[in-house]
Each structure stands twice: as structure tokens, then as C-alpha cells.
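**Student:**
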Amino acid sequence: MTLGSTLMSLGYSDDIWRARQLGKNGWYLPEQFTAEWDYVNYEPYSEGVTDIGAGTGTAGFFSERSNIWAIGLVMRCCITRSQPDRPPYATPVPPKGPQMGTQGYTYGGELRKQFFGGIFGRDLCRLVSQCLMHRPLERPSLARLRQDIAAGVAANPLSPDDKRWVRTTLFGAGNPVPQYPIDPTQAAGKKVTVQF
Numbered sequence: 001m002t003l004g005s006t007l008m009s010l011g012y013s014d015d016i017w018r019a020r021q022l023g024k025n026g027w028y029l030p031e032q033f034t035a036e037w038d039y040v041n042y043e044p045y046s047e048g049v050t051d052i053g054a055g056t057g058t059a060g061f062f063s064e065r066s067n068i069w070a071i072g073l074v075m076r077c078c079i080t081r082s083q084p085d086r087p088p089y090a091t092p093v094p095p096k097g098p099q100m101g102t103q104g105y106t107y108g109g110e111l112r113k114q115f116f117g118g119i120f121g122r123d124l125c126r127l128v129s130q131c132l133m134h135r136p137l138e139r140p141s142l143a144r145l146r147q148d149i150a151a152g153v154a155a156n157p158l159s160p161d162d163k164r165w166v167r168t169t170l171f172g173a174g175n176p177v178p179q180y181p182i183d184p185t186q187a188a189g190k191k192v193t194v195q196f
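FYI, the UniProt record's numbering numbers position 8 of the sequence shown as 8, with every residue one higher than the one before it.
1) Can you tell me the Cα-Cα spacing of Glu36 and Ala154, whole angstroms?
2) Which same chain residues, not among the five before or five after Pro44, have their C-beta less than 7 Å away from its C-beta?
3) Please identify the residue among Asn25, Leu158, Phe116 whose C-alpha is closest to the C-alpha of Arg76.
4) Could you have a look at Thr58 and say whether DSSP puts it in helix, strand or coil?
5) Cα separation between Thr169 and Val74?
6) Tell me the rounded alpha-carbon separation between Arg122 and Ser159.
7) Since Leu111 and Ile79 should fall inside the 8 Å C-beta cutoff, what is the C-beta to C-beta distance between them, to a whole number of angstroms?
8) Hey, how far is the Cα of Leu142 from the Cα of Pro157?
9) Between Phe61 and Pro136, how many whole angstroms is the CB-CB distance? I'm expecting something under 8 Å.
10) Mapping the DSSP letters down to three states, classify Pro30 as helix, strand or coil.
11) Is DSSP giving Pro88 helix, strand or coil here?
12) In or out: Gln130 buried (at least 16 other Cβ within 10 Å) or exposed?
13) If you count every other CB in all the chains shown that lies within 10 Å of the CB of Ser82, and 16 or more means buried, which is it?
14) How big is the Cα-Cα spacing for Gly72 and Leu132?
15) For Thr58, which residues in the same chain have their Cβ closer than 7 Å to its Cβ, ignoring the five residues on either side in sequence?
16) Might you give, ordered along the chain, the residues of its own chain that have their beta carbon closer than 8 Å to the beta carbon of Ser66, omitting 5 neighbours on each side?
17) Under the DSSP definition of a beta bridge, which residues are partnered with Tyr105?
18) Whole angstroms are fine: how far does the CA of Asn25 sit from the CA of Gly118?
19) Distance check for Gln147 and Thr91, CA to CA, integer angstroms please.
Here you go:
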């Protein structure tokens, strides 16, 4: 059961439409911005008769996989060191093996380039790209994410240098705050001149 179908069963069909406006520009979900909204069977005087939340498309299909999209978009921004694309654009996922056509569309297509795979690992880039698939049902589930992440961590254990970096950078005391422009030898209350 999805959030969309739950809202529909409770008589909140208008809330699904309002959910399209929640969020920040550049960070919207495909469930919010897809062109499918132009073809949704919805008429405000039909007492909520609609096909939103039926699970057949993308428009209004909010679920746990909507959160997976958000996690994937944050990871994509960290990897590429850039803001989300505005407007967002999807790229086809190339087919595997002899089959024809594509395997869907992702908003993380640039992660499949050798440049990012060489730095961050092909498996991580592929996983983040899958989190950014256009259709929610094509994104990995939370259980699958857990399995893939555990396998990635097991295959790439932390080195002693990595552990030291985590300990000092993330959990260390950090550097003391500099006292400039006030000289620490000056008496309290003494007038200070700042030179530019």
C-alpha cells in the first residue's frame, strides 16, 4: 500500500495534488513533477474518482521509494559536487546483454560515466543511479539497499588510515578557534585597534 492509495482511501485526493507543491526547487520528486499529471483522471466534482496512487505510473505514487529518491539525490550531489539539475532531465539506462531497448530512465545518468566510477567505485555509482530512477517501482527497496550497502562495505573494509581519518576528523576535538584580531596577551577591557 502506498501513501497515495492510503490518502485516496481516506478521502484525501486533494492532498495528493497539494503534495506536488511541497519541497524546494531542484529537489522535487518525479512523483511531483512528471508530465503524467497532465493526463491524470481527476475531476474535482467526481468525489475523488481518480487513478492517482494506483501504482501504475509515477504521478502521485508516493511511497518509501520516494525517500530513496531523496537519499539518492543527496548522494548524487555529494559525488558530483553540484546542485540538482534544473530542470531535471532523465537519461536512458543502457540495456544489459542482448536485450533491446532501455531499462528505464534515471536522473543520475552522469554517475555511470567512467570518471565517477573510477573515483567512487562503479557499484556505488550504479546504486545511486538506481535510486534516481524515474518510476518508483524501478528504484531499489530498502531491503535491497541494505544488502547492497552491506556487500559494498564488506568488499571495501576501512584501512587504518581511513579509521584514523574518521576518528580525528569526525570525532576529534578539532582545531582551536583563532583569537585573531585580539592578541591573547592584551588585558581584558583594553581598547583594540584592528588594522586592515
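By construction, the Cβ of each residue, glycine as well, lies at the ideal position given by its N, Cα and C atoms.
**Tutor:** Here's the rundown:
1) Looking up residue 36 in the sequence shown gives position 36. Looking up residue 154 in the sequence shown gives position 154. For Glu36 and Ala154, the distance between alpha carbons rounds to 41 Å.
2) Looking up residue 44 in the sequence shown gives position 44. The pLDDT assigned to Pro44 is 47, lower than 50, so where the model puts this residue is not dependable; a value taken from the coordinates is nonetheless given after this. Taken in chain order, the list of residues that qualify is empty.
3) Within the sequence shown, the letter at position 76 stands for residue 76. Residue Phe116 is the option with its Cα nearest to Arg76.
4) By 1-based counting over the sequence shown, the position of residue 58 is 58. Under the three-state reduction of DSSP output, Thr58 falls in the coil class, being neither helix nor strand.
5) The residue given as residue 169 occupies position 169 in the sequence shown. The residue given as residue 74 occupies position 74 in the sequence shown. Spanning the two alpha carbons is a distance of roughly 21 Å.
6) Here residue 122 refers to the residue found at position 122 of the sequence shown. Here residue 159 refers to the residue found at position 159 of the sequence shown. In a straight line, the C-alpha of Arg122 is about 20 Å away from that of Ser159.
7) Locating residue 111 in the sequence shown gives position 111, counting from the first residue. Locating residue 79 in the sequence shown gives position 79, counting from the first residue. Their Cβ separation, rounded to whole angstroms, is 6 Å, which keeps Leu111 and Ile79 in contact under 8 Å.
8) Looking up residue 142 in the sequence shown gives position 142. Looking up residue 157 in the sequence shown gives position 157. Taking the straight line from one Cα to the other gives about 22 Å.
9) Looking up residue 61 in the sequence shown gives position 61. Looking up residue 136 in the sequence shown gives position 136. Contact holds; Cβ gap of about 5 Å.
10) Along the sequence shown, read from residue 1 onward, the residue named residue 30 stands at position 30. In this structure, Pro30 counts as helix in the three-state DSSP scheme.
11) As a position in the sequence shown, residue 88 is number 88, starting the count at 1. In the structure shown, Pro88 sits in coil (DSSP, three-state: anything other than H, G, I, E or B).
12) For the purposes of this step, residue 130 is identified with residue 130 of the sequence shown, where counting begins at 1. So Gln130 counts as buried.
13) Your numbering for residue 82 matches position 82 in the sequence shown. So Ser82 counts as exposed.
14) To locate residue 72, count along the sequence shown from 1; it is residue 72. To locate residue 132, count along the sequence shown from 1; it is residue 132. Spanning the two alpha carbons is a distance of roughly 6 Å.
15) Numbered from 1 along the sequence shown, position 58 holds the residue referred to as residue 58. Correct list, in chain order: Pro30, Glu31, Thr34, Glu36, His134, Arg135, Pro136.
16) Taking the first residue of the sequence shown as position 1, residue 66 is located at position 66. Leu3, Leu29, Glu31, Pro136.
17) The residue you call residue 105 lines up with position 105 of the sequence shown. Its beta-bridge partners are Pro92.
18) Against the sequence shown, residue 118 aligns to sequence position 118. Against the sequence shown, residue 25 aligns to sequence position 25. About 31 Å.
19) Reading the sequence shown from its first residue, position 91 is the one you call residue 91. Reading the sequence shown from its first residue, position 147 is the one you call residue 147. So the two alpha carbons sit approximately 26 Å from each other.
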